[in-house]
Amino acid sequence: MSADPRQFKQAASQALKNPRLQTALGRIKSHFVHKRAEAVERFGAFEALRHEGHAIRDRAIANLDMLLVQFEDSVRARGGQVHWARDADEARQAVADILRQAGARTVIKGKSMVTEEIGLNDFLEREGFTPVETDLGEYIVQLRHEAPSHIIAPAFHLNKEDIAQTFREAHTGLAPERALVERSALVAEARQILRRQFESADAGITGANFLTAAEGAAVLVTNEGNGDLSRLLPRTHIVVTGIEKVVANLSEASVLLRLLTRSATGQEITSYVTIMAGPVADDAAANTATRDFHVVLIDNGRSDLLGTEAQDALRCIRCAACLNHCPVYGAIGGHAYGATYPGPIGAALNPGLIGLADACHHPNASTFCGRCAEVCPVEIPLPQIMRSWRAREYEAEPRAGARKIGFTLWAFVARRPALYRFATRIAARMIPYLGHMPLTAAPLLAGWLNGRTLPRANGHTFHDLWRQRQ
Amino acid sequence: MSGKERHVGLFVTCLVDLLRPEIGFATARLLEMAGCTVVVPSAQTCCGQPAWNAGADDHARALARQTIDAFAGLDYVVAPSGSCAGTIKRHYPTMLADDAAYAAKARDLADRTYELSAFLVRICGMNDLAARTNTKITYHDSCSSLRDLGVRNEPRALLAQIAGTELCELSDGEVCCGFGGMFSAKYPEISTHMADNKLADVESTGAEMLVGNDLGCLMHLEARAKHQKRNLRVRHIAEFLCEAMPEPDTGKV
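Here it is, written out as structure tokens:
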């Protein structure tokens, strides 16, 4: 479903020329940026809260091994089971095994980026299960056989008309004369279909925003209540999430919740905050024996980031503020990245999760404007992490690579001021004529001239003129 | 602006050196007006930022050490750029943290280094430029000025001293213009898209001139505006201030 991240430039180019996508992206400012700013303003001491969130997440990552073992014990004590998955394949198999043992066919799902990361839906379909997304945005992109384009608003790339058309194509029982213009009509249409799925599902899968080691709980925020239904209605509930989501206890998670909702949607709190600990107790018998609760904990490259410059990215609480404030994401949207996590957090994580060779564009396609780090609720130094990936990429490049040769030549000259004066004297005179150069020989110049004129230039260097003046 | 004479090393920046020496001369003039003795160390070239941002760390460190040596012994270092000043002030100490011979020197240089407007306002207390124009301008904050250096009020404090200047603020002043050094050449379509957003914002202010403190952003926006045949004048803040004053000495030949 997702595109090839190595085709980033081509995908970005298409995205820039797609007027419908550009219309959708134009809503980021009013939808996310302003709302966050207002929520931060209302809160007051948000910077202090960010420091606190940063410290909580740092402690959690530093004690990851202990907290995870404690979490497992706590889950077991409540009658649940924990399944460890080293990679995507093990995670998918673990989920399928649980479903088979439970005799489940239809699986309703709450929104979870980790299940996107491991390609769970496609796998479950191949294995004969029927996964149904129940978050409205996820449901829409599932119908369209697309990947989410935003980590908290999966269908952000779409406009109301696109969604209406998707429903008309997928919901065959939909009367042609029924109006699907208003947002409320679209929601009602989805709700009517999803309600049936909720009632008949055998198992529910959700993600988790946080795991708390002391209580063995998974904390989940939604605005649609679909997470609760996915947990409460079926007999089997599976939480699928990454190992880095754990924190010490609910009190620490509550600090992170205050940061998360304000940073994500500008809400003080989401409509639903669900604390999921152990199997759901059946009302009639208060008997948990008929219900089961599983947590699948996925590493999938995360522990490789420990001890590297990218470790700080594991603090992420997936609020998407970095996406919403990123001018590159704002220009091209999420699909162009061709990976589960787009935007700055993707640029920091993807080289670790899917490999630097595949994700090479992500840390490079940034101006280092720094707005992502400025708004990050847990103060992840995102540009610094992107830079560290660039350094690794540079190091891995063969010595005869064009870029390495270029930098070595440039540095050779720049480290010899007299030679540099001579070279820049000539270069300053040549600039007005650069447009006549064969541009294939100078890819950076060709890039500059793609949509821009040559820069205005004096023709003489400052150092030459200054020396003459003295 | 009185007191002990300040010896200020002018960090010219490679873009000003190569393309627009006028900005360097305007910077020197402002520093001299503020009572500083301006020194231009000849051992300076580039601060190393292009290499650092590209991950060519060894080259970046070599240039950082060269810059540190070139400006040793001066009271202050001033650059007409938030980007280069930011590299020296914020990134040199990180870059050379493990270099026994240079870590302390890097921190020392960082403490002495300023972006031009911040230096003129915070250190020199420049508060009466006695100049005038009749221009409606808008001001572009570079990301490094805003977020590396916390420079936002200082350029405005200088512009406010020029009588007849009407400053019309951008509505999205926090947003990057899309230059980003090599980014502008490596991802030109995204870069120019971001420039278009900025230029649309500039246009909606009704300003006839765009003023900023980073030549990188300015040449990118100017070259995009020119490509689209937009009618927009672009000036570095040092040039703008000097052009508003009598007897400009901008080093034109």
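These protein sequences, in sequence, are chains A and B.
Using the numbering used here, the letters of the first sequence map in sequence onto residues 3 to 472.
Using the numbering used here, the letters of the second sequence map in sequence onto residues 94 to 346.
No residue lacks a Cβ here, since even glycine has one placed at the ideal position from N, Cα and C.
These numbers come from a predicted model, not from an experiment.
Neighbourhood of residue i by C-beta distance below 8 Å, restricted to the same chain and skipping five residues each side
{"i": "Gln-72 (chain A)", "result": "Ala-215 and Ala-216"}
{"i": "Ala-90 (chain A)", "result": "Glu-119, Ile-120, Gly-121, Ile-300 and Asn-302"}
{"i": "His-313 (chain B)", "result": "Cys-270, Gly-271, Phe-272, Ser-277, Ser-284 and Ala-288"}
{"i": "Gln-16 (chain A)", "result": "Ala-338"}
{"i": "Thr-25 (chain A)", "result": "Asn-161"}
{"i": "Thr-224 (chain A)", "result": "Gly-112, Lys-113, Asp-137, Asp-230, Thr-272, Ser-273, Tyr-274 and Thr-276"}
{"i": "Met-115 (chain A)", "result": "Pro-150, Ile-153, Gly-209, Arg-320, Thr-342 and Tyr-343"}
{"i": "Leu-18 (chain A)", "result": "Gln-24, Ala-333 and Ile-334"}
Residue range of the alpha helix (DSSP H) that includes residue i
{"i": "Tyr-141 (chain A)", "result": "138-145"}
{"i": "Cys-335 (chain B)", "result": "330-336"}
{"i": "Thr-435 (chain A)", "result": "Sequence inspection shows Tyr at residue 435 (chain A); the Thr mentioned does not correspond to that position. No alpha helix (DSSP H) holds Tyr-435 (chain A); DSSP gives it neither H nor E."}
{"i": "Lys-111 (chain A)", "result": "Looking at the DSSP string, Lys-111 (chain A) is not in any alpha helix (DSSP H); the run it does join, the beta strand (DSSP E), is 108-111."}
{"i": "Ala-477 (chain A)", "result": "The shown model of chain A, from 3 to 472, leaves out residue 477 (chain A), and the question about it has no answer."}
{"i": "Met-388 (chain A)", "result": "384-398"}
{"i": "His-286 (chain B)", "result": "281-298"}
{"i": "Phe-45 (chain A)", "result": "36-45"}
{"i": "Pro-346 (chain A)", "result": "345-356"}
{"i": "Cys-374 (chain A)", "result": "373-377"}
Residue environment, residue i, which counts as buried when at least 16 other CB atoms sit within 10 Å
{"i": "Tyr-339 (chain A)", "result": "buried"}
{"i": "Thr-285 (chain B)", "result": "buried"}
{"i": "Lys-198 (chain B)", "result": "buried"}
{"i": "Ser-297 (chain B)", "result": "exposed"}
{"i": "Leu-421 (chain A)", "result": "exposed"}
{"i": "Tyr-435 (chain A)", "result": "exposed"}
{"i": "Asn-306 (chain B)", "result": "buried"}
{"i": "Ala-219 (chain A)", "result": "buried"}
{"i": "Phe-414 (chain A)", "result": "exposed"}
{"i": "Val-346 (chain B)", "result": "Note that Val-346 (chain B) scores 46 on pLDDT, short of 50, meaning its location in the model is unreliable; the coordinates nonetheless yield the value given after this. Exposed."}
Continuous beta strand (DSSP E) stretch holding residue i: start and end
{"i": "Tyr-185 (chain B)", "result": "Careful: Tyr-185 (chain B) lies outside any beta strand (DSSP E), inside the alpha helix (DSSP H) at 185-188."}
{"i": "Asn-227 (chain B)", "result": "224-233"}
{"i": "Thr-206 (chain B)", "result": "206-208"}
{"i": "His-173 (chain A)", "result": "Run containing His-173 (chain A): none; DSSP gives neither H nor E here."}
{"i": "Tyr-274 (chain A)", "result": "274-278"}
{"i": "Glu-259 (chain B)", "result": "255-260"}
{"i": "Ala-99 (chain B)", "result": "Ala is not the amino acid found at residue 99 (chain B); the sequence shown has Arg there. Per DSSP, Arg-99 (chain B) belongs to the beta strand (DSSP E) from 99-103."}
{"i": "Tyr-169 (chain B)", "result": "169-172"}
{"i": "Ile-240 (chain A)", "result": "238-244"}
Same chain only: Cβ atoms within 6 Å of residue i, ignoring 5 sequence neighbours per side
{"i": "Glu-2 (chain A)", "result": "Here chain A covers residues 3 to 472 and nothing more, so residue 2 (chain A) does not appear."}
{"i": "His-239 (chain A)", "result": "Gly-206, Arg-233 and Phe-295"}
{"i": "Ala-347 (chain A)", "result": "Looking at the sequence shown, residue 347 (chain A) is not Ala but Ile. Counting only Cβ-Cβ distances below 6 Å, and skipping sequence neighbours, we find Cys-318 and Cys-324."}
{"i": "Glu-381 (chain A)", "result": "Arg-52 and His-56"}
{"i": "Gln-379 (chain B)", "result": "Lying before the first or after the last residue shown, residue 379 (chain B) is absent from chain B, which here runs from 94 to 346."}
{"i": "Ala-2 (chain A)", "result": "It is not possible to answer for residue 2 (chain A), since the shown part of chain A is limited to 3 through 472."}
{"i": "Val-304 (chain B)", "result": "Ile-230, Tyr-232, Arg-328, Ile-330 and Phe-333"}
Reference residue i; option with closest CA among the options
{"i": "Leu-258 (chain A)", "options": "A:Ile-347, A:Ala-57 and A:His-465", "result": "A:Ala-57"}
{"i": "Ala-459 (chain A)", "options": "A:Ile-428, A:Asn-452 and A:Thr-442", "result": "A:Ile-428"}
{"i": "Asp-201 (chain B)", "options": "B:Ala-172, B:Ser-264, B:Asp-168 and B:Gly-117", "result": "B:Asp-168"}
{"i": "His-320 (chain B)", "options": "A:Gln-470, A:Arg-454, A:His-462 and A:Gln-472", "result": "A:Arg-454"}
{"i": "Asn-135 (chain B)", "options": "B:Arg-154, B:Leu-103, B:Asn-146 and B:Cys-129", "result": "What sits at residue 135 (chain B) in the sequence shown is Ser, not Asn. Residue B:Leu-103 is the option with its Cα nearest to Ser-135 (chain B)."}
{"i": "Phe-48 (chain A)", "options": "A:Val-183, A:Arg-107 and A:Gly-268", "result": "A:Gly-268"}
{"i": "Ile-387 (chain A)", "options": "B:Leu-112, B:Leu-111 and B:Trp-145", "result": "B:Trp-145"}
{"i": "Ala-430 (chain A)", "options": "B:Tyr-207, B:Leu-111, B:Val-101 and B:Ala-147", "result": "B:Leu-111"}
{"i": "Leu-222 (chain A)", "options": "A:Val-241, A:Ala-402, A:Pro-236 and A:Ala-181", "result": "A:Val-241"}
{"i": "Ile-110 (chain A)", "options": "A:Leu-467, A:Arg-405 and A:Tyr-141", "result": "A:Tyr-141"}
{"i": "Arg-185 (chain A)", "options": "A:Pro-178, A:Glu-179 and A:Arg-193", "result": "A:Arg-193"}
{"i": "Arg-304 (chain A)", "options": "A:Glu-246, A:Ala-5 and A:Trp-412", "result": "A:Glu-246"}
{"i": "Arg-260 (chain A)", "options": "A:Phe-45, A:Pro-21 and A:Leu-23", "result": "A:Phe-45"}
{"i": "Asn-324 (chain B)", "options": "B:Leu-334, B:Ala-337, B:Glu-340 and B:Glu-301", "result": "B:Glu-301"}
{"i": "His-465 (chain A)", "options": "B:Phe-118, B:Glu-98, B:Arg-99 and B:Pro-248", "result": "B:Phe-118"}
{"i": "Ser-174 (chain B)", "options": "B:Ala-193, B:His-233, B:Gly-148 and B:Asn-227", "result": "B:His-233"}
{"i": "Ala-266 (chain A)", "options": "A:Met-68, A:Asp-360 and A:Asn-326", "result": "A:Asn-326"}
{"i": "Ala-404 (chain A)", "options": "A:Pro-385, A:Pro-383 and A:Leu-446", "result": "A:Leu-446"}
{"i": "Gln-199 (chain A)", "options": "A:Asn-251, A:Leu-235, A:Val-248 and A:Thr-263", "result": "A:Leu-235"}
Neighbourhood of residue i by C-beta distance below 7 Å, restricted to the same chain and skipping five residues each side
{"i": "Leu-358 (chain A)", "result": "Trp-391, Arg-394 and Glu-395"}
{"i": "Gly-309 (chain B)", "result": "Leu-108, Ser-176, Phe-272 and Gly-274"}
{"i": "Leu-101 (chain A)", "result": "Val-109, Phe-131 and Ala-205"}
- Message: To be precise: take each residue of the stretch 138-172 of chain B, compare its Cβ to all Cβ atoms of chain A, and keep it if any distance is under 7 Å. Which residues remain?
- Response: Thr-138, Cys-139, Ala-144, Asn-146, Ala-147, Gly-148, Ala-149, Asp-150, His-152, Ala-155, Leu-156 and Gln-159
- Message: Can you pull out the residues from the stretch 329-350 of chain A whose beta carbon lies closer than 7 Å to at least one beta carbon of chain B?
- Response: Pro-329, Val-330, Ala-333 and Ile-334
- Using Cβ-Cβ distances below 7 Å, what residues of the stretch 110-129 of chain B are close to chain A? Asp-110, Leu-111, Leu-112, Arg-113, Pro-114, Glu-115 and Gly-117
- Closer than 8 Å, Cβ to any Cβ of chain B: which residues of the stretch 5-29 of chain A, in chain order? Lys-11, Ala-14, Ser-15 and Leu-18
- Relative to chain B, which residues along the stretch 174-204 of chain A have a C-beta separation below 8 Å, given in chain order? none
- Query: When you check each C-beta in the stretch 369-380 of chain A against every C-beta of chain B, which residues fall closer than 9 Å?
  - Reply: Thr-369, Phe-370, Cys-371, Gly-372, Arg-373, Ala-375 and Glu-376
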